[in-house]
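Here's the structure, in structure tokens; my notes come after.
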Amino acid sequence: MSQRRPRRYNLFIEVKAEGKDLRAHGVAVNFSYKGVGICTLSPLQPNTEVLLTFYFVDEKGSILTETIKGIIRWTKNFGHLQTGGVEFTEPLNEETNFLALSHIELVKEFED
374 MSQRRPRRYN LFIEVKAEGK DLRAHGVAVN FSYKGVGICT LSPLQPNTEV
424 LLTFYFVDEK GSILTETIKG IIRWTKNFGH LQTGGVEFTE PLNEETNFLA
474 LSHIELVKEF ED
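Note that my numbering has the sequence shown beginning at 374, numbered continuously upward.
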């Protein structure tokens, strides 16, 4: 198995993380097909199962949401902010994760 990390794509999208004893709002950054980085003002704990709700804004300005399950794998303080890496517990698929996949593909177009 390759130790190469999946490429990340920088997107700044509002996110809500909910888990046992956790309810945090922040931004999602560094999307990949396997996980996402989040940045919040609330403390995060590694190995916490979370339900991430992403808020996407479409071309008409409407807010669309998408929810993905994950596990916080690491956390780090960044000044007054708490950052963390969340691994998705299931692979992304077009049926339930169309918005996340579309945003990853959109950013890839700008990087190529």
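Each residue gets a CB set at the ideal place from its N, CA and C atoms; glycine is no exception.
- Comparing C-alpha distances from A401 to each of I386, F429 and A390 shows the shortest one belongs to I386.
- Bounds of the beta strand (DSSP E) holding K389 are I386 to G392.
- For F483, the number of other beta carbons within 10 angstroms of its own is below 16, and it is reported as exposed.
- In the DSSP annotation of this structure, N470 is not part of any beta strand (DSSP E), being labelled neither H nor E.
- Excluding five sequence positions before and after C412, the CB atoms of its chain that fall closer than 6 Å to its own CB belong to G399, V400, L454 and T456, given in chain order.
- Contact between G443 and G410 is ruled out by a C-beta separation of about 11 Å, above the 8 Å threshold.
- In its chain, beyond the 5 residues on either side, K442 have a beta carbon closer than 7 Å to the beta carbon of E463.
- F429 is bridged by DSSP to L437.
- The three-state secondary structure of K442, taken from DSSP, is strand.
- For E463, the three-state secondary structure derived from DSSP is coil.
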